[in-house]
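What follows is a short report on a single structure.
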Amino acid sequence: MLTLREQHEQLEDRILSPRAARSARTKGRQRPEEPCPIRTAFQRDRDRIIHSKAFRRLSHKTQVFIAPEADHYRTRLTHTLEVAQIARTIARALRLNEDLTEAIALGHDLGHTPFGHAGEYALDAVYREYDPNAHFHHSEQSLRVVEMLEKDGQGLNLTWEVRDGIGSHSKGMDDFPRPPEAGPHTLEGWAVVYADRIAYINHDIDDALRAGLIMPESLPRDCLDVLGETHAQRITTMVSDLVAHSQSGPYLAMGDEVQEATNRLKDFLFQRVYHHAARDDEAERVGRTVTMLFRFYTEHPEKAPGGAEAAASGRERLARVVCDYLAGMTDRFATQQFQAHFLPPRWRGV
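For reference, each letter of the sequence shown is one residue, going 14 to 363 in the numbering used here.
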């Protein structure tokens with residue numbers, strides 16, 4: 014008699030597109046293990062990510078605006094959930110594997126630092142001081158989290174397809190890729206690449222308007238004419254256009270008009286929102302916080318988990334351990350650690 018997992022794997026063969034990834038034909042895990050009798054391999058990966066400590070910490074990590082006082086600004090967790098929702102919509106419309114898509118989306122930002130991109134830039138800079146050949150990027154760190162850091166160094170033992178998507182999702186400031194540029198090896202991974210940008214472009218506009226950093230009339234008129242006037246209209250246009258132009262063939266792609274408007278809107282955000290935020294006083298404080306904590310833990314390795322042992326293996330190994338420790342901190346915990354190590358007791362909490 015077939016297990017529930019085997020029945021679901023057969024269902025995938027019947028209903029998914031020939032282009033979709035099949036859980037029964039995964040390239041496997043880092044370490045072999047018995048399959049679950051109920052869940053497919055990709056469902057199991059999704060569940061492991063949701064139950065991980067790194068996923069829970071996303072609720073206290075900055076998306077764009079650092080320590081906002083209002084309730085409705087996005088955090089790294091709400092961004093992740095919005096990406097997962099958009100990516101699943103794309104996957105269902107194209108008959109791709111929704112479980113694989115969701116697992117990649119939920120894991121794609123696990124390696125983000127505290128304090129958003131300001132924290133990432135600061136951590137990258139100070140890490141290079143101790144190891145000139147090293148660098149920090151959140152997508153690489155997300156892969157490191159699931160492969161090496163979670164579960165006290167055991168990792169989550171995810172499938173190759175999920176790890177490939179997590180490690181390949183980020184395009185930074187680059188325009189949307191023109192297939193077949195380098196990126197994920199599955200269409201599900203590409204669905205997350207597009208969903209990530211669709212989500213952050215639109216919710217970061219929403220948050221920037223809420224903060225008064227930009228005004229509605231400052232949004233590029235040529236982009237709005239193509240994509241729509243409202244948050245919902247723009248997401249609908251982007252997703253619908255991507256689905257319409259990705260019905261067949263080996264790649265996902267938007268049409269030229271919508272892709273170019275989306276790229277211009279992304280450039281607008283980098284110029285008017287992200288770069289502005291990176292120059293404000295709060296970003297300077299973030300840089301000092303991350304830099305001073307990094308230097309403190311390298312000078313006092315016994316204060317960082319695994320630091321004393323790493324110090325015995327050399328400067329570069331210690332820098333890697335300190336980088337992992339800082340990258341995993343939430344905004345709140347990093348602030349608490351800064352206060353504990355650098356402020357006199359009577360000043361803490363002031």
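C-beta atoms are modelled at their ideal positions from N, C-alpha and C, and glycine is treated no differently.
Counted within 10 angstroms of its Cβ, other Cβ atoms place residue 99 as buried (16 or more) or exposed: As a first step, residue 99 is located in the sequence shown; it is residue number 86 there, counting from the start. Buried, because 16 or more other Cβ atoms sit within 10 Å of the Cβ of residue 99.
7 Å CB neighbourhood of residue 338 in its chain, flanking five on each side removed: In the sequence shown, the residue the question calls residue 338 occupies position 325. These residues qualify, in order along the chain: 310, 317, 318.
Among 199, 69, 347, 65, nearest to residue 88 - alpha-carbon criterion: Translated into positions along the sequence shown, residue 88 becomes position 75. In terms of CA proximity to residue 88, 69 leads the group 199, 69, 347, 65.
Between the CA atoms of residue 197 and residue 352 - distance to the nearest angstrom: Walking along the sequence shown from the start, residue 352 turns up at place 339. Walking along the sequence shown from the start, residue 197 turns up at place 184. If you take the alpha carbons of residue 352 and residue 197, they lie about 41 Å apart.
Complete runs of the alpha helix (DSSP H) confined to the region 197-264 [at least 4 residues]: Qualifying alpha helix (DSSP H) stretches, in chain order: 200-224, 234-240, 244-257.
Inter-stretch contact at 8 Å, needing at least 3 Cβ pairs: the region 220-239 / the region 106-124: no
C-beta contact flag for residue 107 and residue 252 at 8 Å: Sequence index remark: in the sequence shown, residue 107 carries index 94 (1-based). Sequence index remark: in the sequence shown, residue 252 carries index 239 (1-based). No, these two residues do not count as a Cβ contact at 8 Å.
Segment contact flag, the region 14-29 with the region 125-144, C-beta cutoff 8 Å, min 3 pairs: no
Cβ pair count under 8 Å reaching 3, the region 56-76 against the region 165-173: yes
C-beta atoms of residue 323 and residue 315 nearer than 8 Å: Numbered from 1 along the sequence shown, position 310 holds the residue referred to as residue 323. Numbered from 1 along the sequence shown, position 302 holds the residue referred to as residue 315. Their beta carbons are not under 8 Å apart, which means residue 323 does not touch residue 315 by this criterion.
Rounded C-alpha distance that separates residue 157 from residue 134: Your numbering for residue 157 matches position 144 in the sequence shown. Your numbering for residue 134 matches position 121 in the sequence shown. Approximately 18 Å, taken between the alpha carbons.
Residue 39 classed as buried or exposed, judged by whether at least 16 other C-beta atoms fall within 10 angstroms: Taking the first residue of the sequence shown as 1, we reach residue 39 at position 26. It is buried - the Cβ of residue 39 has at least 16 other Cβ atoms within 10 Å.
Beta-carbon separation (whole angstroms), residue 346 vs residue 276, contact threshold 8 Å: For this step, residue 346 is matched to residue 333 along the sequence shown. For this step, residue 276 is matched to residue 263 along the sequence shown. That pair is no contact at about 36 Å.
Pairwise C-alpha distance: residue 153 and residue 349: Within the sequence shown, residue 349 is the residue found at index 336, counting from 1. Within the sequence shown, residue 153 is the residue found at index 140, counting from 1. Note on geometry: alpha-carbon atoms of residue 349 and residue 153 lie some 26 Å from one another.
Residue from 237, 262, 214 with nearest C-alpha to residue 270: Along the sequence shown, one-based indexing puts residue 270 at 257. Looking at the Cα atoms, 237 is the closest of the given residues.
Residue 72 burial status per 10 Å Cβ neighbour count (16 or more: buried): For the purposes of this step, residue 72 is taken as residue 59 along the sequence shown, with counting starting at 1. Exposed: under 16 other Cβ atoms inside 10 Å.
Residue 33 versus 111, 49, 48, residue with shortest Cα-Cα distance: For this step, residue 33 is matched to residue 20 along the sequence shown. With distances taken between Cα atoms, residue 33 lies closest to 111.
Rounded distance between the beta-carbons of residue 217 and residue 286, thought under 8 Å: By one-based count along the sequence shown, residue 286 stands at place 273. By one-based count along the sequence shown, residue 217 stands at place 204. Residue 286 to residue 217, Cβ: 6 Å. Contact.
Burial state of residue 294, where buried means 16 or more other Cβ atoms lie within 10 Å: For this step, residue 294 is matched to residue 281 along the sequence shown. It counts as exposed.
Neighbour flag for residue 92 against chain C, beta carbons, 8 Å: Going by chain labels, chain C is absent from the structure shown, which holds only one protein chain.
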